[in-house]
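Worksheet for the structure shown next.
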Amino acid sequence: MSLPAIAPAPVCIVGAGALGSLVAARLALGGQAVCLIGRAAQVQALAAGGLELQDASGTHRVPLPASTDIATVAQAGLVLLCVKSADTKAAAHQMAPHLRPGVPLLSLQNGVANGPLLARLLQRPVLVGAAYIAAAQPAPGQVRHAGGLAITWGALPGPLGDAFDADTLAAVQQRLQAGGFELRMSEAPLAELWRKLVVNCAVNAVSALAQAPYGVMAAVPAVRELQAAVVQEAVAVAQAEGQALNAAEMQAAVAGVMQRMPAQRSSTAQDLARGRRSEIEQLNGEIVRAGARHGIHTPVNQALLALVQLQEAVNLEKA
């Protein structure tokens, strides 16, 4: 007598914002068992009618199990962390009692500090990924995919040098492939995060301050000159941090992102439009702080940081 197949443990996505919701929806459409952990408004909307996913192929209604309870990660076979960088420490502390030994955790967050922080707080190896995916969340229960499915990812060792075995990495790759993501595994994942950080620094704040989509930004020569200055500063800082980045290559990467996603407004723009705190401290702020440690002046990044912080203060005053 054959035994019934055992369903694989679900992929738990912690953070039900635009990226987390999109990743969850694509994995579910690809046949993966998923659970989405987020704030009450999103969870209630999903319970009422599932997730409305808008992409190039049309509008899809995707049933998604969702919860506000972080303890749900106890059932996971893979955890994807998609919370804002400011929430990383709290998420780690909340997950720690519930994460089963050996279950991989993949951070798809912006910034370069989240992976090392998670490894230290959780005392285990972690996976980090640079996701080039344009997503927006017009309202709870809705997500719009404006382009891009690329994720470059890899493993960071734990504090004691412990690491994932090849079978675990292959299993993660297989589960993510079900969502149609364009995956590339890197032996130097921190370098990939630095590359994405440089792109974010050149794109996010400018888009936010003007509430401009990337295509409009790319059409303004003065904006491209401003972005070139941001990249020069950020690459100098990255090199001082031991990352072998090239300014010309990063300029091309910035141009490529804007060309591939002309209708997208940055996540920072979306945050400011909704009166929320952005991740500017983990983007241009990271460059400013690291530059100060190395004696590198970063006036353009400093200006963008200050202007976004000013807009956040104005939004707070209006609230």
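Residue numbers (the numbering used here): 482 to 800. From the three backbone atoms N, C-alpha and C, an ideal C-beta is built for every residue, glycine too.
Exercise for the section: Pick helix, strand or coil for Q623, following the three-state DSSP scheme. Expected result: Here Q623 sits in strand by DSSP.
Practice task
Please report the Cβ distance between L589 and A612, rounded to the nearest whole angstrom; I am assuming they are in contact, meaning their Cβ atoms lie under 8 Å.
Solution key: Cβ-Cβ separation between L589 and A612: approximately 5 Å, consistent with a contact (criterion under 8 Å).
Handout entry: Assigned secondary structure, G530 (DSSP; H/G/I helix, E/B strand, else coil)
Key = Reduced to three states, the DSSP call for G530 is helix.
Problem - C-beta atoms of L562 and V495 nearer than 8 Å - result: Cβ distance < 8 Å, so L562 and V495 count as in contact.
Practice task
For E663, collect the residues of the same chain with a Cβ closer than 8 Å to its Cβ; drop the 5 residues on either side in sequence, then sort them by chain order.
Solution key: Its chain contains L630, A631, I632 as the residues whose beta carbon lies nearer than 8 Å to that of E663, once the 5 sequence neighbours on both sides are disregarded; these appear in chain order.
Exercise for the section: Please work out which residues of its chain come closer than 7 Å, Cβ to Cβ, to A719, disregarding the five sequence neighbours upstream and downstream, and give them in chain order. Expected result: Hits under 7 Å: W675, V679, L726.
Exercise for the section: Go through the stretch 504-576 residue by residue and report every complete run of the alpha helix (DSSP H) that reaches 4 residues or more, in order. Expected result: If we require 4 residues or more, the alpha helix (DSSP H) runs fully inside the stretch 504-576 come out as 521-530, 569-576.
Problem - When G628, D646, Q708, A505 are compared against A784, the one with the closest alpha-carbon - result: Selection G628, D646, Q708, A505 evaluated against A784 yields Q708 as nearest (Cα-Cα).
Handout entry: Start-to-end residues for the beta strand (DSSP E) that takes in I761
Key = I761 -> no beta strand (DSSP E), and no H or E assigned at all.
Handout entry: Per-residue burial, V795 [other beta carbons within 10 Å of its own, 16 or more giving buried]
Key = Classified as exposed, V795 has fewer than 16 neighbouring CB atoms from the shown chains inside 10 Å of its CB.
Practice task
Could you have a look at T633 and say whether DSSP puts it in helix, strand or coil?
Solution key: Here T633 sits in strand by DSSP.
Practice task
May I ask you to report which of helix, strand or coil DSSP gives A663?
Solution key: At residue 663 the sequence reads Glu, which differs from the Ala that was named. E663: strand per DSSP, three-state reduction.
Problem - DSSP-derived helix/strand/coil call for S688 - result: In the three-state reduction of the DSSP assignment, S688 falls in the helix class.
Practice task
Say whether the stretch 693-705 touches the stretch 534-554, bearing in mind that this needs 3 or more beta-carbon pairs closer than 8 Å, one atom from each stretch.
Solution key: No, the stretch 693-705 is not in contact with the stretch 534-554.
Practice task
Below 6 Å CB to CB, which residues in the same chain sit around H579 once its five sequence neighbours on both sides are set aside?
Solution key: A552, V554, A555, listed in sequence order.
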